[in-house]
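Only one structure is covered here, and it is reproduced in the block below.
Residue numbers (my numbering): 0 to 291.
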């Protein structure tokens, strides 16, 4: 887990910086380079596959809709060109069109069927050992193409059968993405339950959990309020956070999936603190003058 996030986080930041560079002077050549870098991180995690669709909303200035669409297509095609060799490899190897990889039953974990399992409060490992273990579920391996398709079909059937439960669970997953999912991230399903954390983690790790899952998200929300009049430069950051949250709310997400976005929250918080400091320095002479 640590290794995965340690590698993916700087790659995601690099892709975002490349996008900022392209947005600074929107040119097809710049979006070609930014799209290629996006393709590499999409090979690592498929979550960013639909990210290019946000580009028309990020290109600012006097550029018309047609030019925005052209830049978006360049960005998208460049990403697809990087992904294409791997997709072709999958087709040659498995005989099916699979652009990236299997989802390992991600949609099923975000379905009403999984929601009802949560009501019994099993551990995340117990669910994997029972429901997703091919030795106990009739041979359906979520790491295989057929097994992944099987669980995706079950998820869709579950969503169609109980759309309101899915909607309720989806709303909850918007929060779970940032604070952690009760099955995977919180012992005994006790969200922010200190006693349960003490039984499972050392003190230093508990402090880290509260900082990353509570203080950072709340601080970022407060930062958006502080920066609400000057959010333009931070729209790519906000859009990326919103995009990842939406994707994992539709499917499944836990604290691990939001960890690569934590540096973006820190950027917002630091900028908000800087803005507050500048405002205080500007207001201090006025206050002194009024008192005199």
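Don't be surprised by glycine CBs; every beta carbon is placed ideally from N, CA and C. As the structure is a prediction and not an experimental result, all values here were calculated from the model.
In the displayed model, residue 147 falls within a helix according to three-state DSSP. If you check the CB distance, residue 180 and residue 253 come in under 7 Å. Comparing alpha carbon positions, the residue from 135, 255, 281 closest to residue 5 is 255. With 16 or more other Cβ atoms inside 10 Å of its own Cβ, residue 78 counts as buried.
Here the alpha carbon of residue 178 sits roughly 13 Å from the alpha carbon of residue 218.
Residue 201 and residue 162 have their C-alpha atoms spaced approximately 40 Å apart. Burial state of residue 30 is buried, judged by a 10 Å Cβ sphere holding 16 or more other Cβ atoms. Sorting 160, 278, 89, 221 by C-alpha distance to the C-alpha of residue 144 places 89 at the top. Just measuring C-alpha positions, the residue of 197, 215, 49, 166 sitting nearest residue 257 is 215. Taken through DSSP and simplified to helix, strand or coil, residue 255 comes out as helix.
Excluding residues up to 5 positions away in sequence, nothing lies with its Cβ nearer than 6 Å to the Cβ of residue 167 in the same chain. Close CB contacts of residue 10 within its chain, under the 6 Å cut and outside five residues either way in sequence, are with 40 (chain order). DSSP places residue 238 within a helical segment (H, G or I) once states are collapsed to three. Closest in alpha carbon position to residue 220, among 52, 140, 127, 269, is 269. Rounded to whole angstroms, residue 72 and residue 189 show a C-alpha spacing of 45 Å.
Burial state of residue 58 is buried, judged by a 10 Å Cβ sphere holding 16 or more other Cβ atoms.
Secondary structure note for residue 29: its alpha helix (DSSP H) is the uninterrupted segment 27–43.
Here the alpha carbons of residue 183 and residue 111 stand approximately 17 Å from one another.
For the pair residue 17 and residue 185, the Cα-to-Cα distance works out to about 36 Å. Each residue's CA atom was taken as its position, placing residue 108 and residue 173 some 14 Å apart. Taking one beta carbon from each stretch, the stretch 80–99 and the stretch 134–142 have fewer than 3 pairs nearer than 8 Å; the two do not touch.
Assigned with DSSP and collapsed to three states, residue 194 falls in helix. Residue state for residue 135 is assigned as coil, using DSSP reduced to three classes.
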